[in-house]
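*Asks:* Structure provided below as structure tokens; questions to follow.
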Amino acid sequence: MTLEAIAGSGNGDGGVRHGDLLVRLTEAMWEGEPGPLAAVRDELLAVAGADVLVDAVAVSANFHMMTRVADGTGTPLDPDTDAASVDFRNEIEVNDLVSRRHVLAS
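First residue of the sequence shown: 86, per the working numbering; consecutive thereafter.
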């Protein structure tokens, strides 16, 4: 597994089977446009099967839920984790995500 796909589609498959489609599915889920979402969902279903599609959507939804809980409660990273993860967070561009904007502003 490699990290290039975390930054978005078009950056590789991350060394994961069907990784390019999984990244496109994730992007389509959060962009919220029905047409592109249906297209990539159908493509992943045809190539990887229902189990992979359901697992991918469930994992993505769970991460979204956990972020909402952390944001809603104001849960910060502990200082050691914050310091140790600076380079990694920059590499995967996590600080550009909407859910990080209020954290960086404070």
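All C-beta atoms, glycine included, are put in the ideal place defined by N, C-alpha and C.
1. Roughly how far, in whole angstroms, is the beta-carbon of A141 from the beta-carbon of L107, given that I think they are within contact range, below 8 Å?
2. Can you look up D156 in the DSSP assignment and give me helix, strand or coil?
3. Taking the Cβ atom as the reference point for each residue, do L110 and L129 lie within a distance shorter than 8 Å?
4. When burial is assigned at 16 or more other CB atoms within 10 Å of the CB, is A124 buried or exposed?
5. Closest to L138 by CA distance: which of M114, E118, H149 and D156 is it?
*Replies:* For this structure:
1. To locate residue 141, count along the sequence shown from 1; it is residue 56. To locate residue 107, count along the sequence shown from 1; it is residue 22. Indeed they touch by this definition, with Cβ atoms about 5 Å apart.
2. Along the sequence shown, read from residue 1 onward, the residue named residue 156 stands at position 71. D156: helix per DSSP, three-state reduction.
3. Taking the sequence shown and counting its residues from 1, the one referred to as residue 110 is at position 25. Taking the sequence shown and counting its residues from 1, the one referred to as residue 129 is at position 44. Closer than 8 Å, so yes.
4. Your numbering for residue 124 matches position 39 in the sequence shown. A124 comes out exposed.
5. Translated into the one-based positions of the sequence shown, residue 138 becomes position 53. The option with the nearest alpha carbon to L138 is M114.
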